[in-house]
Amino acid sequence: MACRIIAFDIWGELAHFRRFFTTSSPLTFSFPPPTTVRGIIGAILGFSKNDYIEVTNRLNIGIRLLSPVKKIRFGLNIVFTKGSGKKFEPTLFRDRKGDNKKTIRTQISAEFLKNPKYRIFVSGDDKLLDKLLEYLPFHKTEYTVSLGLSECLANFSFTGEFKAELVEETSEIHSVIPTDKVFKINIEADLKLAKERIPVFMNKRRVVQKYQDVVFDIKGKDLKGRFKNVFTIRETGENIYLFTLPS
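Using the working numbering, the first residue of the sequence shown is number 15, and each one after it goes up by one.
Laid out in C-alpha cells, this is it:
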C-alpha cells in the first residue's frame, strides 16, 4: 500500500508539551504528541479552536526527533486572573479580587525542552494535504505557530512531498514508534532508549480517546532492530511510523 506524505521541520528555542498527569509543577513530553501536531497544523491552516480537532483527526501523523532531548527547569511567575465575580481580572489589586487574603501571584517550577527540532510527516486527507501545500512551501500561516505554549514560538521549513510504501517489517526506524510495533531493538553502546505514554487522539470535546506507549532514542538517533507496520520513503530513505485514526 502506498500513500502520499508531506513533511516539514519545526523548531524553536523552547518547547513545552505538558504531560497529562502533572499539575502544579508541569513536566513535558520529549516531543509533540500527535494531538499537539494536529493543533500546529490547525494553526497553520487557520482552523478555529473548536473545529481543528475534528478536521485534523482525518490526518495520519509521524514524528521524528532531529535534535537530542534536552530538558531544563525554571520558575514561572503566575498571576491570579479571576475577580470577585469569577470574571477575567488581571490586575494585581487585592480589592478587585473579592478576597483580600487571596494570593495574587505565585511561582511554579516548570520543565521545558531546550532547542528542540522535529520532522513532522502528514498523510491521509488529500484536500488537507493540498491546502498545506499552499502554506508550508511559502512559510505562510494563518495563526502564530508555537511549540506547546503560546510563549514558545516556533519556526518551520517545508521538507517536501513524497510517496511512501507500507512494509510489513524493516530493520531501521527513524521516527517515534509504539512499543507494540517493535519486535526487537539492537542495543548499542551509545543508545539511550526512552519510553513515554502519549495521547494520540482526542474527540471534539478534548477528551483523549487513545493513549499509546512509544519508544525512541533521546539523542535523536535512529533505532535498529525489527519493526512492523512502517512506511518507507524511497526518496529520503526514511522509515517512519504513522499514527492513524482508530477504526
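The beta-carbon is built from N, C-alpha and C at its ideal position, and this holds for glycine as well.
All values reported here derive from a predicted model rather than from experimental measurement.
Only exposed fits Gly-60, as fewer than 16 other CB atoms lie within 10 angstroms of its CB.
If the five residues before and after Ala-57 are omitted, its C-beta is found closer than 6 Å to the C-beta atoms of Tyr-157 and Val-159, all from its own chain and listed in chain order. Partner residues in the beta bridge of Val-196, as assigned by DSSP, are Phe-241. Of the residues assessed, Ser-39 falls on the exposed side of the cut-off, its CB having fewer than 16 other CB atoms within 10 angstroms.
The residue among Arg-220, Lys-154 and Lys-209 with its C-alpha nearest the C-alpha of Arg-52 is Arg-220. One alpha carbon belongs to Lys-218, the other to Glu-68, and they sit about 6 Å apart.
Contact check between the stretch 174–181 and the stretch 191–203: fewer than three CB pairs, one atom from each, fall below 8 Å, which does not count as touching. Distance from Leu-259 to Ser-137 at the Cβ level is roughly 11 Å; contact not present, criterion being Cβ atoms closer than 8 Å. Going by DSSP, Glu-103 is part of no alpha helix (DSSP H) at all; its letter is neither H nor E.
Three or more beta-carbon pairs separated by less than 8 Å are not found between the stretch 163–174 and the stretch 78–89, which leaves the two stretches without contact.
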